[in-house]
């Protein structure tokens, strides 16, 4: 590989560091080091972890094609007015890096994003060229995640999906008003137009494949997006209503939530040194999970009366404490949808309960063996036992008892999570 090692390493450090703010590929650094003079030092240089549909963990090379950008979005570290070191990869350099890292077993795929330079189409064309070269010239069959550039043409979006496993365009700011405040040069339609194109192409290709088996796959892992949390004054209700909109209207596989990391002094943004809203980010992910897998509606969890999530307790417990009239639930009679709403019951436990109660009535000991979190669930259920019988308590009293006997990772300092951004 005819590459200058030092220059490529410098580019890799700059462009991997700039890519860490995109959480739509779950990130954690690799610590494998190579002390020899070869392109194999993966420590801190863009190796991140993502998960397949079956739960398998895969390592991806996570980089930007360039951190040059023609836009000046206040929240972005690569905005044109920011005084940072700039770099850009050539198309072939990214191809060679991917193949060489893959051969060394450091990665199983590529996550490629970019600042927008010259124009959206020019940038998207180069991203597609990387994926195309990997697929057609290198016969690379690993995972490829390409960022969809806002404002890119339909033709380029169609081509991108033929070579990438997943596409994603980051909506970044949850509301149109927030986007106008922080990124006045961008239009909301620039984000939604590529999303709609990808959605329609996926539907079309799946339909054609039913008739013509040789029809190629189009973005088989679907599309995703990301929202920044805490950069502007949006409520949790605003954020989750937007997320629900994108799931429903654009068939998103995932919406990611990224706590804003202050990177610049700007009167429109939280000051540098402001704590990253890690706990709020976690609560939003929990809410997202309840909407997608537990049968909750967004208006049940967030509405005008409750526009923000409770930071003390998880959103399912928060909903239960506000709706005590639905409890207690008889664990031996309630159907799946009702059991799924009980705090302390995950869907695995729900399925185990439904299977186990076919053979006998369940008591507290059975529920403990199944894995039910009884420190929360005991206040909301009854079973085949008089022990811990439901007592008529107010939600505030139950909340106090649960918090008194609970521990959580967010009760500790956030330093370990913030190391990602150090």
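Numbering (my numbering), first residue to last: 1006 to 1427. We put the beta carbon where it would ideally sit given N, CA and C, even for glycine. These figures come from a predicted structure and were not determined experimentally.
DSSP places residue 1277 outside both helix and strand once states are collapsed to three, so it counts as coil.
Beta-bridge analysis with DSSP links residue 1177 to 1232.
Between residue 1111 and residue 1068 the beta-carbon gap is near 13 Å, outside 8 Å, which marks them as no contact. Inter-residue distance for residue 1125 and residue 1232 is about 20 Å (C-alpha atoms, whole angstroms). If one requires a minimum length of 4 residues, the alpha helix (DSSP H) runs lying completely within the stretch 1352–1380 are 1352–1361 and 1369–1375, in chain order. Residue 1078 and residue 1273 have their alpha carbons spaced roughly 11 Å apart.
Where residue 1085 is concerned, there is no enclosing beta strand (DSSP E), because DSSP gives it neither an H nor an E. Non-local beta-carbon contacts of residue 1121 in its own chain, meaning distances under 7 Å to residues more than five positions away in sequence, involve 1074, 1075, 1076, 1128 and 1154 in chain order. Note: residue 1152 is bridge-paired with 1173 in the DSSP secondary-structure output. Exclusion of the five residues before and after residue 1301 leaves 1295 as the residues of its chain whose Cβ lies within less than 6 Å of its Cβ.
Just so you know, the alpha carbons of residue 1261 and residue 1391 end up roughly 44 Å apart. Partner residues in the beta bridge of residue 1116, as assigned by DSSP, are 1067 and 1150.
DSSP lists 1387 as the bridge partner or partners of residue 1335.
In the structure shown, residue 1263 falls within a strand segment according to DSSP collapsed to helix, strand and coil. Counting of Cβ neighbours within 10 angstroms places residue 1062 among the exposed residues, the total staying below 16. Nearest to residue 1284 by C-alpha distance, out of 1311, 1319 and 1277, is 1319.
Looking at the backbone, the Cα of residue 1314 and that of residue 1238 are separated by about 14 Å.
CA-CA distance, residue 1186 to residue 1369, rounds to 54 Å.
Pairing residue 1117 with residue 1364, the inter-Cα distance amounts to about 52 Å. Distance check between residue 1304 and each of 1249, 1335 and 1344 places 1249 closest, using alpha-carbon atoms only.
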